Every structure is written in C-alpha cells, then in structure tokens.
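There are 2 protein chains.
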Amino acid sequence: MEVKVARQYGFCFGVRRAIQIADELSAPLTTYGPLVHNPYEVSRLEGKGVKSSLDIQEIKTPNILVRAHGITPSVMEELKLKGKVIDGTCPLVKKVHGIAQMLDKNGYKILIFGQKSHPETIGTQGYIGNRADVIHNTQEAENFSGDYDKIALISQTTEIIGEFNEVVAILLKKYPHLRVIDTICEPTKENQNAAVELAKESDLVVVVGGKNSSNTRKLMLNCEKITRAVHIESPEELDKLDFSGVKILGLTSGASTPDWLFDKVVIKAKELAK
Amino acid sequence: MEVKVARQYGFCFGVRRAIQIADELSAPLTTYGPLVHNPYEVSRLEGKGVKSSLDIQEIKTPNILVRAHGITPSVMEELKLKGKVIDGTCPLVKKVHGIAQMLDKNGYKILIFGQKSHPETIGTQGYIGNRADVIHNTQEAENFSGDYDKIALISQTTEIIGEFNEVVAILLKKYPHLRVIDTICEPTKENQNAAVELAKESDLVVVVGGKNSSNTRKLMLNCEKITRAVHIESPEELDKLDFSGVKILGLTSGASTPDWLFDKVVIKAKELAK
Chain A
271 MEVKVARQYG
281 FCFGVRRAIQ
291 IADELSAPLT
301 TYGPLVHNPY
311 EVSRLEGKGV
321 KSSLDIQEIK
331 TPNILVRAHG
341 ITPSVMEELK
351 LKGKVIDGTC
361 PLVKKVHGIA
371 QMLDKNGYKI
381 LIFGQKSHPE
391 TIGTQGYIGN
401 RADVIHNTQE
411 AENFSGDYDK
421 IALISQTTEI
431 IGEFNEVVAI
441 LLKKYPHLRV
451 IDTICEPTKE
461 NQNAAVELAK
471 ESDLVVVVGG
481 KNSSNTRKLM
491 LNCEKITRAV
501 HIESPEELDK
511 LDFSGVKILG
521 LTSGASTPDW
531 LFDKVVIKAK
541 ELAK
Chain B
271 MEVKVARQYG
281 FCFGVRRAIQ
291 IADELSAPLT
301 TYGPLVHNPY
311 EVSRLEGKGV
321 KSSLDIQEIK
331 TPNILVRAHG
341 ITPSVMEELK
351 LKGKVIDGTC
361 PLVKKVHGIA
371 QMLDKNGYKI
381 LIFGQKSHPE
391 TIGTQGYIGN
401 RADVIHNTQE
411 AENFSGDYDK
421 IALISQTTEI
431 IGEFNEVVAI
441 LLKKYPHLRV
451 IDTICEPTKE
461 NQNAAVELAK
471 ESDLVVVVGG
481 KNSSNTRKLM
491 LNCEKITRAV
501 HIESPEELDK
511 LDFSGVKILG
521 LTSGASTPDW
531 LFDKVVIKAK
541 ELAK
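If you read the sequences in order, they're chains A and B. Under the working numbering, the first residue of the first sequence carries the number 271, and numbering increases by one thereafter. Under the working numbering, the first residue of the second sequence carries the number 271, and numbering increases by one thereafter.
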C-alpha cells in the first residue's frame, strides 16, 4: 500500500493566524467560542491556559480573542465591555462583511449560501441587520420566492463551489438580474481541488478533522463522489479501518485540523503500509 | 404630452470625479484619450484648454490626466516619463483591477464579459498580462472551450446585468466550478434600472448621449425592449422626432452625458410638450 498526501490540506491561513495569536498571547485568555472545530487542538490550547466560552457573562480573563469565523458588531461591543478584545477574524471573512454591507446599503435583497447556524453566517448577518435569507441547498433555492428588483447572492467562505453554482443556476431562472458574488475563499477551494485530485488516484481517502468541522465534512463529501472515503478524528481510528484492496491510500485534512495531528496520522499510516 | 425624467441618469460618480479633476487643474492639461465619450463635453473641456491624446509622444503639457476607464500599468509608466500624471481612474474600476490580479495570482483562467477594444477592458488586461479572454455575447460564450480547473468570470463595469447572467448560465453548463464575480458597477445598474422603469411608463424614451458611448447604447437597448426609444446627442435632434401618439415622453442619459447638456434637452422637450 502506498500512502499519498494531498498537495494542499489543513489549516487555512485565517485559522493559522488566529491560533498563532492565541499561542503568542500570554494566558489567561478566552476565545469567544472554540477557536477551531477540532477537539484535539482545542484541548492543546486549553493546556496552555486558553479557555473558550460563548457565554459573555462567563468570561473572566482580561484578554478575549475573536476567532477566524468573525462575530456580529453587537457581540463585539459586548465583548469590549468585558475586556481587551483581539480580533482574530479572518481577513477574507472581513471582506465578505464589507461586500454584504455594500450590497445592503445599495438596496439589495441578500441571499447567503451557507448554514444559518454557522458562526460565520451569524457574524455576516450582524453587519446587515439580519436582513439576508440563508439558503443551504438547491431545494431551498427552488422554494425561495419574492419580488426583488435588486437581489444578490454571496456565500459562506467555506462552501463547495459546485453546490454554490447549482444554486446560482436555479436562482438565475427566477432572477435574471441576480448579482452573483462568489465569496468562497481560495484556501477552501484549494483544499477541495487537491482532495478531488487525490481521490481520483486513491482507492481510499482518509480525511482527518473534527467531527464537528463543517469544512472537513465537505472535503469528505467531495471525495466520496469519486472513491471510498472515511472521516477520522485521530490516528488511533486508522486501526479500525479496512485496507483490503487498497493500493493507494490518500490522506488529507480539513481547514480546522492542525498539522501536528495530521502528521501523526501520516506517520501511523506509513507504518501500517509497510 | 407629459415629460418624465428618469429617477437616475447621467454621469456616474467615476466620470464626475475625473471631470472635476480636469476642471480644477489649471490648463494646459492633456487627458490620455477623450475624458468622456461625449463630443459636447469634450468640446467644453477643449475650450478650457484641456486637450486629449492617445499618442503619448504627442503629449506636450506638464499635466496628464488618466480618465475614469483606467489604463494599463505599462501605459502608466510611459505617461510618467512624459509629465506629472494625475490618476482619474474610477475607484470601482481599480477594484476590478485588484480582483483580476487576485484571480490571476491564484491561477484562474479569467474571462471578462465586455468589449475587447474598450479602454477599461484593455486597462484591466494590462494588470494580468493580457491573459484573460474577452467574451462579448452569448454566442462567444457558447463557442468558448478549453480545459480549466480554475476559471472565473468578471465583467466590464458598464455591462448589462441580464446579458452578463445569460453568459453565466451558458458557462456554468461547461464549467460547474466557474467562479462568478459580478463586477458591473452600481451606478451603471442604477441608470439601467431607472431607464427600464421609465420605459415601462413611457410611449417614447429619448436617451441622450454620445453616439460613441457604449453605456448610452446599452441604456437604449434596455429601453427598446419595452417601448419606442431613440438615441440623440443634442437638443436640436428633438426637432426631427415624431411625437405623434406620445402621451408620456421619457428622458434619460448615459453615464458619459453631462447634466448641462441633458438639462437643455429637458427644457426643449418641455417647450415642445406645451
């Protein structure tokens, strides 16, 4: 069995940046919500004195770090009353806030392709008075209606381009004047493209990432369309996998998976492959 | 006959800004190409000592103004060797340069919806080593082919949103992973929307603007789909029009048409309507 690693995987630069800030700031520090959707990385940070809380009243540390997903302006104000706020919002997410505000100011009905309950979408909504509708799949796009002279579609930065464009195609039939601004970020696209390339040459792809990580699940979905794929959180889970018939084993990881964890999976996989 | 004026018409803020710069700068001044595609405004500026030239070697004035359409970086360098360059490039066009560069840097094949020979598109191409393909209509979109993992579509800022989206729909069939970034500017859309609203309630729409103005021609095309429409350059041309059966006369003007000229048309139309 040969082990192949995707040409691009793991932390996007926004997450890397937020974690670097957490590592460099002297604890005690609280992050507003878990810094990444990965239990191992969160636990590593906890070991260094980095707490996580979504309950503002519970925050007792002088330093508060906003994670890469971003927050609403009103949560930002509340946090500022509690301590010194360090903004770890991904610059690419900040760009989306700016685009949403520009569209809103210019009278557009805004549709966001994404998940209503995802922190990034909640944050973006906060910049436009929650006036956007959130569409999560083609069915919701089919069901969407209303008479809008000005209507625009943007995306959560971590969505899948193919699915975004399926929604575009449906909406264009109803709104030929739809303004489409594809705000899916480059690092997300790069990880997805690399995963697809890897899947094409692998008999099995192992995707490493938190079970609560939406972008890891999406990598998994992309791979599953092409070959056999499994989603694991830790190196130990490799032991339970069935490698029969696997000549090439592909390995990749989501944007919230730390390299130190992925590297352990690679080492263990190479041992198993011997 | 009642005369109605569009709720939005005329100079976009980018053109207004470039003309204001020309008016405020002390002559002698040369603009690199006519500042607007309108012979009357160009002639007014000439009266103030503002020359226009596209032949860099011919430029003899100490001050050189770059018009709203923008230029390539290499033309900018050449101009700088000739005199003091004042950059009148529209900030919204500059944004498109930035988006094109970002896409190019990230390995995208870029398609520009626009006109190959339009100064704005020539300028944008200059920022990406002329690597973009320019698509001007649905037929060219149908004919476009090639195998691209990363492909993106942007637009000249002055295009028609409905036509842009027809091209989007065609390209999405070939490239489900197409990245669509609608860069048509708000002022263009506002003029177009207002013209369409006006056309819906008018028996005849008179569109005022230079015969060489691409955005004026597009306003005209939008109106023609709905009602009778004519394109004139000067108030005198009103005399030649047939107003029989016209109960409501709509008036609008392109983004390169100065208000002083449009106002003359409005006054004359109101006299004729008495």
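We put the beta carbon where it would ideally sit given N, CA and C, even for glycine. None of the values given here were measured: they were computed from a predicted structure.
Do residue 516 (chain A) and residue 271 (chain A) come within 7 Å of each other at the CB atom, strictly closer than that value?
yes
Any idea what DSSP makes of residue 328 (chain B), helix, strand or coil?
helix
Note the first and the last residue of the continuous beta strand (DSSP E) segment covering residue 333 (chain B).
333-336
Can you look up residue 272 (chain A) in the DSSP assignment and give me helix, strand or coil?
strand
Using 8 Å for Cβ pairs, my map puts residue 492 (chain B) next to residue 430 (chain B). What's the rounded Cβ distance?
7 Å
Does any C-beta atom of chain B lie closer than 7 Å to the C-beta of residue 435 (chain A)?
yes
Check whether residue 446 (chain B) and residue 435 (chain A) have beta carbons under 7 Å apart
yes
What do you get for residue 416 (chain A), buried or exposed, if any count of 16 or more other CB atoms within 10 angstroms of its CB means buried?
exposed
Ordered along the chain, which non-local residues of its own chain (more than five positions away) have a Cβ less than 6 Å from that of residue 278 (chain A)?
460, 461 and 464
Please say whether residue 497 (chain B) and residue 469 (chain B) have beta carbons closer to each other than 7 Å?
yes
Pair within 7 Å by beta-carbon distance, residue 457 (chain A) and residue 282 (chain A):
yes
Out of B:367, B:440, B:411 and B:487, point me to the one whose CA is closest to residue 308 (chain B)'s CA.
B:487
For residue 313 (chain B), does the three-state DSSP call read helix, strand or coil?
helix
Which one or two residues does DSSP pair with residue 383 (chain A) in a beta bridge?
A:405 and A:425
Going by DSSP in three states, residue 322 (chain A) sits in which element: helix, strand or coil?
strand
8 Å Cβ cut-off: residues of chain B touching residue 447 (chain A):
431, 432 and 435
Residue closest to residue 376 (chain B), alpha-carbon to alpha-carbon, out of B:422, B:334 and B:357
B:422
For residue 303 (chain A), I'd like the list of residues in its chain whose CB is within less than 7 Å of its CB, leaving aside the five on either flank, ordered along the chain.
322, 324, 337 and 389
Secondary structure of residue 277 (chain A), DSSP reduced to three states:
coil
Where does residue 289 (chain B) fall in DSSP's three states?
helix
Within its chain, find whatever has a CB closer than 8 Å to the CB of residue 513 (chain B); leave out the 5 residues flanking it on each side and keep chain order.
271, 474, 519 and 542
Three-state secondary structure (DSSP) at residue 303 (chain B)?
coil
Would you check if the distance between the CB atom of residue 335 (chain A) and the CB atom of residue 299 (chain A) is smaller than 7 Å?
yes
Residues that residue 451 (chain B) contacts on chain A, provided the C-beta gap is smaller than 7 Å
451 and 452
Can you list the residues of chain B that residue 456 (chain A) reaches, using a CB-CB cut of under 9 Å?
372 and 376
Check residue 354 (chain B) in the structure and name its three-state DSSP category.
strand
Is DSSP giving residue 521 (chain B) helix, strand or coil here?
strand
Tell me the residue span of the beta strand (DSSP E) that contains residue 516 (chain A).
That residue, residue 516 (chain A), is in no beta strand (DSSP E); it is neither H nor E in DSSP.
Is it buried or exposed, residue 537 (chain A), if we count other Cβ atoms within 10 angstroms and call 16 or more buried?
exposed
Sufficient close CB pairs (3 or more, under 8 Å) joining the region 404-413 of chain A to the region 347-359 of chain A
no
Spell out whether any CB of chain A is found under 7 Å from the CB atom of residue 489 (chain B).
no
Could you spell out where the alpha helix (DSSP H) holding residue 441 (chain A) opens and where it closes?
431-444
Start-to-end residues for the beta strand (DSSP E) that takes in residue 489 (chain B):
No beta strand (DSSP E) holds residue 489 (chain B); the alpha helix (DSSP H) holding it covers 484-494.
Just the Cα atoms here: how many angstroms apart are residue 444 (chain A) and residue 379 (chain A)?
14 Å
Closer than 7 Å to chain B by CB, residue 525 (chain A):
no
Any chain B beta carbon closer than 7 Å to residue 465 (chain A)
no
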